[in-house]
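Peer 1: Residues 1 to 302 in the UniProt record's numbering are what the sequence shown lists, from first letter to last.
C-beta atoms are modelled at their ideal positions from N, C-alpha and C, and glycine is treated no differently.
Bear in mind the structure is a predicted one, so any value in this text is a computation, not a measurement.
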Amino acid sequence: MIIEVEDLVVDYKGVQVVDHVSFSVEEGEIFGMIGPNGAGKTTTIECIEGIRENYSGSIRVLGLNPKVDRKKLYNLIGVQLQETSYQDKIKVWEICKMFSSFYANPLPYESLLNDFGLYDKVNSYVSKLSGGQRQKLAIILALIANPKIIFLDELSTGLDPQARRSMWELIKGLQKDGKTIYMTTHFMDEAEYLCNRIAIMDKGKVVAVDTVENLIKRFGLEETVVFKADELNLDEIERISGVTSLERRGSEVCVKGREINFVNNILNYLGNNQIRYRDLKVIQPSLEDVFLKITAEKSEGM
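1. Between Pro161, Pro147, Gln162 and Glu190, which has its C-alpha nearest Leu174's C-alpha?
2. So, are the CB atoms of Thr180 and Ile149 less than 8 Å apart?
3. What does DSSP give as the partner residue(s) for Gln16 in the beta ladder?
4. Let me make sure I understand the geometry here. Which of Val5, Asp11 and Ser101 has the alpha-carbon closest to that of Asn65?
5. Return the chain-ordered list of same chain residues with a C-beta closer than 8 Å to the C-beta of Glu223, the five sequence neighbours on each side being excluded.
6. Return the bridge partner residues of Thr184 from the DSSP annotation.
7. Buried or exposed: where does Gly131 fall if 16 or more other Cβ atoms within 10 Å of its Cβ makes it buried?
8. Is it true that the region 18 to 35 meets the region 68 to 88, where meeting means three or more beta-carbon pairs spaced less than 8 Å apart?
9. Between Met170 and Phe116, is the Cβ-Cβ spacing less than 8 Å?
10. Less than 8 Å between the CB atoms is what I'm expecting for Ile59 and Leu141, so what's the real figure, rounded?
11. Answer yes if the region 203 to 215 comes into contact with the region 66 to 75, meaning at least three C-beta pairs across the two stretches below 8 Å, and no otherwise.
12. Closest to Ile30 by CA distance: which of Gln274, Tyr182, Asp230 and Gly271 is it?
13. Buried or exposed: which applies to Ser56, given that a residue is buried once 16 or more other Cβ atoms fall within 10 Å of its Cβ?
14. Do Ile266 and Glu231 count as a contact pair if the criterion is CB distance below 8 Å?
15. For Ile51, does the three-state DSSP call read helix, strand or coil?
16. What residues match up with Gln80 in a beta bridge as DSSP calls it?
17. So Lys228 and Tyr269 are in contact, right, with Cβ under 8 Å, and what is the actual spacing, rounded?
18. CB-CB under 6 Å to Phe219, same chain, minus the five flanking residues each way: which ones, in chain order?
19. Would you mind giving the Cβ-Cβ distance between Met201 and Ile34, rounded to the nearest angstrom? I have them listed as a contact below 8 Å.
20. Quick one: using the 10 Å Cβ neighbour count with 16 as the cut-off for buried, is Phe151 buried or exposed?
21. Per DSSP, which residues does Thr44 bridge with? Please list them.
22. Check whether the Cβ atoms of Gly25 and Ile51 lie closer than 8 Å to each other.
23. Just confirm the distance between the C-beta atoms of Lys91 and Asn123, as a whole number of angstroms; I'd bet it's less than 8 Å.
Structure below.
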């Protein structure tokens, strides 16, 4: 494992903002930590990066202890901070050159600017860049060290939908180049699209770690079949194997179910009984559904 966290605890004014957290990250994966604002995601990532020292528990990153081996670690990781601020009146090339001076063997920032579509902004003031361009620059600065691990904290906060999608594809490209990426986000669609595995964090605790597919299977979330039909025997549909609930609104029917063959069972029933239907769609459960179920169960158990 390239990152190992065991029994991490962070206290702040008598409150455990990170509460006995344990997980690991595999080399070459995009690992995401999701949760609402205030869940403890940023505090956790700051401990792993070596920014915070006031914690108990064990952290190993590339075999190094962030508390003891901070200088060695900083030459092996790249960090994109959640709130990036720069000097007034500094140009893109100037800040890139400054960051390059921090490392013995930096990547040429000119090629990074070109790869991220920012080379035409090399003489622009950073303050004049758009939100998406500033986020790209933050990642470029994190890549100058040619790191083995890249830490991205709330990657697409403040970006418009088009800029978010563009950023996602850039992150996928970094993974193809062999980078390990650890990211935090409170956008479920972002985590679902990018991450190989996900840790769900709520109220300082990691409550689940797995792939999106396995999380959906693990928590038994329902699929939904929606269609329109004028003539239908609702009692018969309720008896179809896998059906858990049924609702009719005018000509539209909404059927929910959990069984692995649930959708096929509905389609077979409609076909075998020669029922004329239209506008049929199947809605799969999402990561957001998993998250809402987990956090709701936690709240009820408190």
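Peer 2: Reading off the structure:
1. Along the sequence shown, read from residue 1 onward, the residue named residue 174 stands at position 174. Here the closest residue by C-alpha is Pro147.
2. Your numbering for residue 180 matches position 180 in the sequence shown. Your numbering for residue 149 matches position 149 in the sequence shown. Thr180 is a Cβ neighbour of Ile149, given a cutoff of 8 Å.
3. Numbered from 1 along the sequence shown, position 16 holds the residue referred to as residue 16. For Gln16, which the question treats as bridged, DSSP gives the partners Asp11.
4. What you label residue 65 is simply residue 65 of the sequence shown in a count that begins at 1. Minimum Cα distance to Asn65 is reached at Val5.
5. Counting from one through the sequence shown, the residue named residue 223 turns up at place 223. Same-chain partners within the cutoff: Lys256, Gly257, Arg258, Phe262, Val263, Val282, Ile283, Gln284 and Pro285.
6. Numbered from its first residue, the sequence shown carries residue 184 at position 184. Under DSSP, the beta-bridge partners assigned to Thr184 are Met33 and Asp153.
7. Here residue 131 is taken as the residue at index 131 of the sequence shown, counted from 1. By the C-beta density criterion, Gly131 is exposed, having fewer than 16 other C-beta atoms within 10 angstroms.
8. The answer is no - the region 68 to 88 does not touch the region 18 to 35, with fewer than three Cβ pairs under 8 Å.
9. As a working note, residue 170 is residue 170 in the sequence shown. As a working note, residue 116 is residue 116 in the sequence shown. It should be noted that the sequence gives Leu, not Met, for residue 170. In this structure, Leu170 lies near Phe116, with their beta-carbon atoms less than 8 Å apart.
10. If you number the sequence shown from 1, residue 59 lands on position 59. If you number the sequence shown from 1, residue 141 lands on position 141. Not really, about 24 Å apart at Cβ, beyond 8 Å.
11. Touching, no, given that fewer than three Cβ pairs across the two stretches are closer than 8 Å.
12. For this step, residue 30 is matched to residue 30 along the sequence shown. Sorting Gln274, Tyr182, Asp230 and Gly271 by C-alpha distance to the C-alpha of Ile30 places Tyr182 at the top.
13. The sequence position of residue 56 within the sequence shown is 56, counting from 1. Around the C-beta of Ser56, fewer than 16 other C-beta atoms lie within 10 Å, and the residue is accordingly described as exposed.
14. Start at 1 with the first residue of the sequence shown, and residue 231 comes out as number 231. Start at 1 with the first residue of the sequence shown, and residue 266 comes out as number 266. Not a contact, by the Cβ cut-off of 8 Å.
15. Your numbering for residue 51 matches position 51 in the sequence shown. Here Ile51 sits in coil by DSSP.
16. Taking the sequence shown and counting its residues from 1, one reaches residue 80 at position 80. According to DSSP, which records beta bridges pairwise, Gln80 is partnered with Leu152.
17. Residue 228 sits at position 228 when you count from the first residue of the sequence shown. Residue 269 sits at position 269 when you count from the first residue of the sequence shown. So it is not a contact: roughly 16 Å between Cβ atoms.
18. Here the question's residue 219 lines up with position 219 in the sequence shown. Cβ within range, chain order: Val290 and Lys293.
19. If you number the sequence shown from 1, residue 201 lands on position 201. If you number the sequence shown from 1, residue 34 lands on position 34. That pair is a contact at about 7 Å.
20. Within the sequence shown, the letter at position 151 stands for residue 151. With a threshold of 16 other beta carbon atoms within 10 Å, Phe151 meets it and is buried.
21. Sequence index remark: in the sequence shown, residue 44 carries index 44 (1-based). Answer is none; Thr44 lacks a bridge partner.
22. Numbered from its first residue, the sequence shown carries residue 25 at position 25. Numbered from its first residue, the sequence shown carries residue 51 at position 51. Note on residue identity: the sequence assigns Val, not Gly, to residue 25. No, these two residues do not count as a Cβ contact at 8 Å.
23. The count along the sequence shown starts at 1 and reaches residue 91 at position 91. The count along the sequence shown starts at 1 and reaches residue 123 at position 123. Between Asn123 and Lys91 the Cβ distance is about 6 Å, and since that is below 8 Å, they are a contact.
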